[in-house]
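Asker: Numbering (my numbering), first residue to last: 1 to 496.
Backbone N, C-alpha and C define an ideal beta-carbon position, used for all residues, glycine too.
Since the model is a prediction, treat every value here as computed from it, not as a measurement.
Sharing a structure with you now.
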């Protein structure tokens, strides 16, 4: 009985070479197998070139193996972990052969197996037990201690200087007894260096650590990638991959680069269309979103002839971290212009921001697509209630707006000497309204009085003692006919 104790990294095939020598005087035909596994798990035995009978399979009674408890205990297996190659060999007297014991496990555990050698010696027709070897192997995961678990890089832009690379040290220690081969990877803007202060753009590095050994590694952060001078926060990982094992370790990499930066509530301002020769203003808010003080100034990207159409206040300023300030843009509407310019905000030691400004100017013109509509009285009351008509006219039409007429009750609300003057009065009274219905009607004063009398008789309120009084229209014009304007509803003024 022989004993063999081994140690290997899991997921990494282990090989142990040894040599067999025939010191006897007879030829040995040897067959290797693993005790405790069915013949189906082994290769079929071919016919021997020295005998016409088939070689017997290696099979022995099942034996109890030592029970292993704890985290390293081996679970029941369907296939053996260890094997010997070549599994069959014919060894002549005085000859030797090189053998290889191989083992593989995909988990961390302790494996114990018994390898048995059986064979036919000389011209014997039976297979006899030659030797047994108990193999114990501890498969372990690569155990590397990495300190620290996170590397932090912080850079503030100093006026008059350029940001330089930063270096942080990483210590790796092999806390197992086996040699570990590993590969380390990072992403730009990080890199792997052997010495601090000596910049290297390499993003990977191979390393071999013996059992109990440790090594130092330097991780570099290069802020030169921030060419636009915009503050950034970078979050990446250093990956440690082990040769022959799927296990990976991670080291968190956190970097911050801060420049004087501003945040704008909007990057475009549209003044719309204004009246010719008028001025309008719009306001936005700027915020210092960086931990550094910010000094700024404004300029315009535009031709010389456009420089007097737009303005900004304040033209320069200084903001502390977190401070806000309103910025006012002005547009001077020169006659019939339409312009779009870019206002640039230059930040000292920081980026240049752009705000697009657009504005145009024109005159207000409109026209009526309809000036005469014929409705009966029922349609008029359906279109707009009399109470609303009276309220609107009483509120909007004053005596100065209708010098030739007066505001009275009823649908016939405004009296003038002519339809054209009626239309002028209505438009003047409603000059701040976008929409209005205007109806031009010819009527007689006697007809109107007759309708009023009939209405009062129906209501039982007619008093024969009430004497006739002249209306303002009669007193002014002295005629029995007049022009009436009815404001009936809402319709849009169409532009000319």
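When the Cα atoms are used, what is the spatial distance from residue 97 to residue 16?
Answerer: The alpha-carbon atoms of residue 97 and residue 16 are separated by roughly 14 Å.
Asker: Quick check on residue 35: buried or exposed, where buried means 16 or more other Cβ atoms within 10 Å of its Cβ?
Answerer: By the 10 Å Cβ count, residue 35 comes out buried.
Asker: With a cut-off of 8 Å on the beta carbons, I'd call residue 260 and residue 294 a contact; round off their distance for me.
Answerer: Contact holds; Cβ gap of about 4 Å.
Asker: Rounded to the nearest angstrom, what separates residue 131 and residue 243 at their Cα positions?
Answerer: Taking the straight line joining both Cα atoms gives about 36 Å.
Asker: Since I believe residue 317 is in contact with residue 275 (beta carbons under 8 Å), could you give me their beta-carbon distance rounded to a whole number of angstroms?
Answerer: Their Cβ separation, rounded to whole angstroms, is 32 Å, which puts residue 275 and residue 317 out of contact at 8 Å.
Asker: Under 6 Å Cβ to Cβ from residue 26, same chain only, skipping five residues before and after it: list those, please.
Answerer: Cβ within range, chain order: 121, 122.
Asker: On the CB-based measure, 16 or more other CB atoms within 10 Å of its CB, does residue 211 come out buried or exposed?
Answerer: Classification for residue 211: exposed.
Asker: Thinking C-alpha only, which one of 190, 258, 208 is nearest residue 201?
Answerer: Of 190, 258, 208, the residue nearest in Cα terms is 190.
Asker: In the DSSP assignment, the beta strand (DSSP E) including residue 326 goes from what residue to what residue?
Answerer: Where residue 326 is concerned, the enclosing beta strand (DSSP E) stretches over 324-333.
Asker: Hey, how far is the Cα of residue 83 from the Cα of residue 21?
Answerer: Between residue 83 and residue 21, the C-alpha separation is close to 19 Å.
Asker: Tell me the rounded alpha-carbon separation between residue 500 and residue 135.
Answerer: With the chain covering 1 to 496 only, the question about residue 500 has no answer from this structure.
Asker: Look at the alpha carbon of residue 199 and the alpha carbon of residue 206, and state the distance between them as a whole number of angstroms.
Answerer: So the alpha carbons of these two residues sit roughly 18 Å apart.
Asker: Closest to residue 92 by C-alpha separation, out of 79, 179, 119, 313, would be which residue?
Answerer: The shortest Cα separation from residue 92 among 79, 179, 119, 313 belongs to 119.
Asker: Out of 238, 250, 239, 257, which has the shortest C-alpha to C-alpha gap to residue 227?
Answerer: The residue with the shortest Cα to Cα distance from residue 227 is 257.
Asker: Pop quiz: residue 288 and residue 236 are said to be a contact at Cβ under 8 Å. What is the actual Cβ separation, rounded to whole angstroms?
Answerer: With 8 Å as the limit, residue 288 and residue 236 do not qualify as a contact, their Cβ atoms being about 28 Å apart.
Asker: Any idea which residues DSSP pairs residue 143 with across the strands?
Answerer: Its beta-bridge partners do not exist; DSSP assigns none.
Asker: Taking the alpha-carbon positions, what's the residue 301 to residue 353 distance?
Answerer: Answer to the nearest angstrom: the Cα atoms are 12 Å apart.
Asker: Write down every uninterrupted run of the beta strand (DSSP E) in the stretch 174-228 whose length is 3 residues or greater and which is fully enclosed by it, in chain order.
Answerer: Whole beta strand (DSSP E) segments, 3+ residues: 180-185, 190-193, 204-209, 214-221.
Asker: Please report the distance separating the alpha-carbon of residue 177 from that of residue 19.
Answerer: Rounded to the nearest angstrom, the two C-alpha atoms are 26 Å apart.
Asker: For residue 284, which residues of its own chain have a beta-carbon under 8 Å away from its beta-carbon, when the five flanking residues on both sides are left out?
Answerer: Contacts found: 264, 265, 266, 269, 326, 327, 329, 355.
Asker: Can the beta-carbon of residue 262 be found less than 9 Å from the beta-carbon of residue 347?
Answerer: Yes, these two residues count as a Cβ contact at 9 Å.
Asker: Going by C-alpha to C-alpha distance, which of 310, 345, 365, 350 sits closest to residue 338?
Answerer: Ranking 310, 345, 365, 350 by Cα distance to residue 338 puts 310 first.
Asker: Applying the 10 Å Cβ sphere with the 16-neighbour rule, what's the burial state of residue 470?
Answerer: Note that residue 470 scores 44 on pLDDT, short of 50, meaning its location in the model is unreliable and no value can be drawn from it.
Asker: Below 8 Å CB to CB, which residues in the same chain sit around residue 279 once its five sequence neighbours on both sides are set aside?
Answerer: Hits under 8 Å: 330, 331, 332, 333.
Asker: Give the DSSP bridge partners of residue 235, in chain order.
Answerer: In DSSP, residue 235 forms a bridge with 254.
Asker: How is residue 113 classed by DSSP in three states: helix, strand or coil?
Answerer: The answer is strand: DSSP assigns residue 113 an E or B state.
Asker: Using the C-alpha atoms, what's the distance from residue 241 back to residue 159?
Answerer: Distance between the alpha carbons of residue 159 and residue 241 is about 41 Å.
Asker: One question on the structure: do residue 137 and residue 110 come within less than 9 Å of each other, judged by their Cβ atoms?
Answerer: Yes.
Asker: Whose CA, out of 31, 125, 141, lies closest to the CA of residue 90?
Answerer: Nearest of 31, 125, 141 to residue 90, Cα basis: 31.
Asker: Looking at the structure shown, is residue 79 part of a helix, part of a strand, or coil, going by DSSP?
Answerer: DSSP places residue 79 in coil when its eight states are reduced to three.
Asker: Can you give the beta carbon distance from residue 144 to residue 172, rounded, assuming they're within the 8 Å contact cut?
Answerer: That belief holds up - the Cβ atoms of residue 144 and residue 172 are roughly 6 Å apart, short of 8 Å.
Asker: Just the C-alpha distance for residue 250 and residue 182, rounded to the nearest angstrom, thanks.
Answerer: Using only the alpha carbons, I get a separation of about 13 Å.
Asker: Taking the DSSP output, what are the residues bridged to residue 499?
Answerer: The question about residue 499 has no answer here: the residues shown for the chain are numbered 1 through 496.
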